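Worksheet for the structure shown next.
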Amino acid sequence: MNSNKPVFILIGLLVLAFIASKSLYVVSETERAVKLRFGKMEEADIAPGLHLKVPFVEDVRFFDARVQTLDAPPEDFLNAEKKLLTVDSFAKWRIIDVDRYYTSTNGDVRRAASLLAQRISEGLRNEFALRSLSEAVALERDEMMEDLTAGLVDATREQLGIEIVDVRVKKIELPNDVSSDVFRRMRAERERQAREYRSQGQEVAEGIRADADRQKIVIEANAYRDAEILRGEGDARAAAIYAESYGKDTEFYTFWRSLDAYRHTFNRDGDIMVLQPDSEFFNYLKDSNGKAD
């Protein structure tokens with residue numbers, strides 16, 4: 001009888017260990033948990049730490065309390081211009097009311113994602129229906145996402161126990177069957193703008209060239225006028241100097257002019273002059289006083 005005592009003790013310890021493993025559980029900081037008794041809610045939102053439960057009577061369900069990502073498949077929406085857009089979006093969400101979350105989804109994260117995706121899809125459809133393509137893509141994109149997030153927060157919190165942290169659009173595309181037509185229209189519009197810019201540039205260039213030609217003519221005319229004025233003043237000044245010099249010594253001035261005429265007349269070989277012998281041109285060649293015979 002004593003020889004079987006260690007076996008009973010070992011079996012007792014194993015039974016106690018098994019009961020303890022079924023009675024103790026730990027809720028971490030990144031989890032939310034609910035306690036069920038025969039499938040009915042007994043305790044919701046259990047605090048993190050070590051807790052006890054009744055084995056085989058109570059059950060504990062754990063849920064991830066961290067921010068999760070819902071990456072929905074692309075969907076087609078009509079915008080304010082009645083154009084069909086393919087929108088690819090995602091959302092960030094987390095559980096804030098474990099009791100309501102478990103009640104509405106039975107703790108199934110796939111069901112929660114499905115219900116959340118339906119509400120996000122409906123919100124996106126409403127927001128895109130109010131905006132044009134340019135507004136949705138660039139001008140009011142942030143405002144649209146903020147309005148969508150604000151509109152979903154209260155509904156998902158009350159109905160699903162979920163908080164929408166953020167909703168974002170990753171990509172907006174036109175469907176393949178209409179994108180080619182849109183691209184052709186965009187190309188035609190860009191080509192029209194390019195032609196318009198070129199014609200405007202040519203018009204400006206012609207104006208610049210005409211102004212440059214006009215300025216050139218004006219500058220040349222002014223330069224010619226100033227040159228003629230300076231030339232006339234120089235000639236007048238030279239004539240005045242010549243006249244003054246001639247008046248001081250008429251004989252010497254006549255002699256100097258005759259010598260200058262001889263120098264320019266006979267400076268090349270073969271030059272021929274036909275003059276009468278008594279011409280005044282030869283006065284200083286005949287007489288040093290320049291008197292004719």
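Mapping to full-length UniProt numbering: the sequence shown position 264 is 264, numbers consecutive.
Note that CB positions come from ideal geometry on N, CA and C, so glycine has one too.
Please read these numbers as outputs of a predicted model, since none were measured by experiment.
For LEU174, the three-state secondary structure derived from DSSP is coil.
Each of PHE56, GLN193, ILE229, LEU160 was checked against the Cα of THR103, and the nearest Cα belongs to LEU160.
For ASP166, the closest C-alpha among the options ASP45, SER132, TYR242, ARG94 is that of ARG94. In the pairwise beta carbon analysis, the segment 114-124 is classified as touching the segment 149-157: at least three pairs are separated by under 8 Å.
In the displayed model, GLU31 falls within a strand according to three-state DSSP. The C-alpha of ASP97 lies about 7 Å from the C-alpha of ILE162. Distance from the CA of TYR253 to the CA of VAL218, rounded to the nearest whole angstrom, comes to 43 Å.
Per the C-alpha coordinates, the member of GLU29, LYS171, HIS264 positioned closest to ARG141 is LYS171. Annotated three-state conformation of ALA72 is coil, per DSSP. For VAL87, the closest alpha carbon among the candidates GLU220, VAL34, LEU174 is that of LEU174. Pairing ARG125 with ALA80 gives a Cβ-Cβ distance that is not under 8 Å.
Where LEU84 is concerned, the enclosing beta strand (DSSP E) starts and stops at 84-95. The C-alpha of ILE208 is placed about 58 Å away from the C-alpha of ALA91.
Residue burial annotation: GLY123 is buried, with at least 16 other C-beta atoms found within 10 angstroms of its C-beta. When DSSP reads this structure, ASP166 sits in a beta bridge with LYS92. With contacts defined as CB atoms closer than 8 Å, ARG61 and ALA44 fail to qualify as a contacting pair.
Check the Cα spacing between SER28 and each of VAL54, ARG37, ALA65, ASP59: the tightest is with ALA65. In the three-state reduction of the DSSP assignment, ASP235 falls in the helix class. In this structure, SER89 lies away from ILE46, with their beta-carbon atoms at least 8 Å apart. Burial check for ALA112: the Cβ neighbour count within 10 Å reaches 16 or more, so the residue is buried. Annotated as proximal: ASP59 and LEU36, with beta-carbon spacing under 8 Å.
A Cβ-Cβ contact shorter than 8 Å links MET145 with ARG168. Burial of LYS53 is indicated by the presence of at least 16 other C-beta atoms within 10 angstroms of its C-beta. In the same chain as GLU127, and ignoring 5 residues on each side of it, the C-beta atoms closer than 6 Å to its own belong to MET144, LEU148, in chain order. Comparing C-alpha distances from GLN68 to each of TYR242, ALA129, ARG110 shows the shortest one belongs to ARG110. In terms of CA proximity to GLY39, PHE56 leads the group GLU31, PHE56, VAL26, HIS51.
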